[in-house]
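With our numbering, the residue at position 198 of the sequence shown is 198, and numbering never jumps. Idealized CB from N, CA, C, for every residue including glycine. None of the values given here were measured: they were computed from a predicted structure. To start, the structure itself, in structure tokens.
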Amino acid sequence: GAAPYVICAWKTDPKVFEVLPSPRAVFSLGAGVDHLQVPGLLRDVPVVRIVDPDLTMRMVEYVTFAVLHLHRQISRYAQDQSLRVWAPRFQTAASRVRVGIMGLGVLGEACGRTLAQLGFDVAGWVRTPREATSVQVFAGQEALGAFLARTEILVNLLPNTPQTRGLIGADVFALLADGARFVNVGRGETVVEDELAQALASGRLAGAVLDVFGTEPLPADSPLWALPGVLITPHVAADSDPDVIADQIVRNIERLERGEELAGRVDMTRGY
Ligand code: NAP
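Given below as structure tokens:
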């Protein structure tokens with residue numbers, strides 16, 4: 001009979017594709033497909049990811065929260081409160097704060113638009129140059145230095161690919177503007193975690209909001225847990241709604257049965 005479809009739970013066991021190397025399509029249950037970069041899965045098998053306005057809005061909500069949390073110095077006020085200290089601090093205007101988003105895809109673009117509406121000075125870093133955009137765009141490795149030099153709040157929304165793995169480490173933090181802060185909502189693999197902890201401990205980074213990590217759950221002995229000015233959440237920035245996912249998969253299977261193009265198909269040679 002016809003080869004089956006494979007619907008992939010979070011972190012699929014690669015052994016599935018030893019048994020089923022050539023399914024008609026593979027559906028990721030998330031926006032990322034890094035867990036599907038497995039040997040054994042044939043290159044011409046269509047891989048589909050979730051692109052969902054509800055998931056996008058949840059990410060916009062989280063990134064806006066994270067940037068405002070850092071911008072409004074909330075971790076300091078929380079600390080003051082725990083000591084019953086009343087200590088107003090100088091507050092910069094959002095228009096004087098330069099936010100830099102690495103990855104202006106479906107999620108990064110939407111986050112950038114909302115932050116710009118709140119008045120932040122937003123730019124993004126992408127792989128391929130583009131023309132019309134809602135925010136200033138820096139493209140490619142050669143523009144990375146200029147992008148980082150202007151950035152005061154860095155937001156990582158890159159996918160995990162061979163090109164992005166370990167990309168954000170001491171070199172990147174060293175190039176950021178003074179007093180820079182960091183938000184990671186992309187993938188933990190993109191960040192060199194001990195260099196992140198070092199940058200926070202030394203004051204090179206003045207704070208962080210971290211949702212994703214190289215090892216999840218974040219091990220209890222990670223120094224990140226206890227660093228001042230660091231807010232940690234357990235990979236909850238943007239979940240996908242099970243009903244929406246099920247509906248998208250059904251509609252895609254219908255498209256495939258009719259011989260039509262799939263919605264949300266990923267270029268697996270590019271990796272995202
Ligand atoms: P997307 O639409 O595929 O966008 C990816 C963006 O990253 C694009 O702008 C792309 O540049 C850029 N990019 C990729 N490789 C690059 C490289 N080597 N150098 C520079 N830029 C590069 O992805 P998305 O839907 O926005 O999702 C982004 C990631 O968010 C996902 O892959 C996933 O890892 C993560 N995520 C996290 C959560 C969470 O709960 N924490 C939830 C959902 C998703 P071009 O525009 O030039 O192609």
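Here the alpha carbons of Ala-78 and Ala-31 stand approximately 33 Å from one another.
In this structure, the beta-carbon distance from Val-185 to Thr-114 does not fall below 8 Å. Partner residues in the beta bridge of Trp-125, as assigned by DSSP, are Met-102 and Phe-138. Contact between the region 17–36 and the region 133–151 is absent: fewer than 3 CB-CB pairs across the two stretches fall below 8 Å. Nearest C-alpha to His-35 among Pro-159, Leu-55 and Val-209: Pro-159. Taking the C-beta atoms as reference points, Val-209 is found nearer than 8 Å to His-69. In this structure, Leu-107 lies near Thr-56, with their beta-carbon atoms less than 8 Å apart. In the assembly as shown, Asp-178 is an exposed residue. Its beta-carbon has fewer than 16 other beta-carbons within 10 Å.
Judged by the Cβ position, Asp-211 qualifies as a neighbour of ligand 1 at the 7 Å threshold, a heavy atom of the ligand being closer than this.
Of the candidates Ala-174, Gly-207, Trp-86 and Leu-167, the residue whose Cα lies closest to the Cα of Gly-214 is Leu-167. Residue environment: Leu-196 is assigned as buried (16 or more neighbouring CB atoms within 10 Å of its CB, all protein chains considered).
A straight-line Cα-Cα distance of about 19 Å links Ala-87 and Ala-206. Ligand 1 approaches Val-106 closely enough that one of its heavy atoms is under 7 Å from the residue's Cβ. DSSP places Ala-208 within a strand segment (E or B) once states are collapsed to three. When only Cα atoms are considered, Ala-199 and Ile-232 end up about 16 Å apart. Taking Arg-204 as reference, the option from Leu-154, Arg-24 and Val-137 with the minimal CA-CA separation is Leu-154. Closest in C-alpha terms to Val-63, from the list Val-99, Asp-52, Asp-44 and Arg-89, comes Val-99.
Beta-bridge analysis with DSSP links Ala-110 to no other residue. Listed as beta-bridge partners of Asn-184 by DSSP are Asn-156 and Leu-210.
Residue Val-97 holds the alpha-carbon nearest to the alpha-carbon of Val-122 among Pro-129, Glu-216, Val-97 and Pro-14. Bounds of the beta strand (DSSP E) holding Phe-27 are 25–28.
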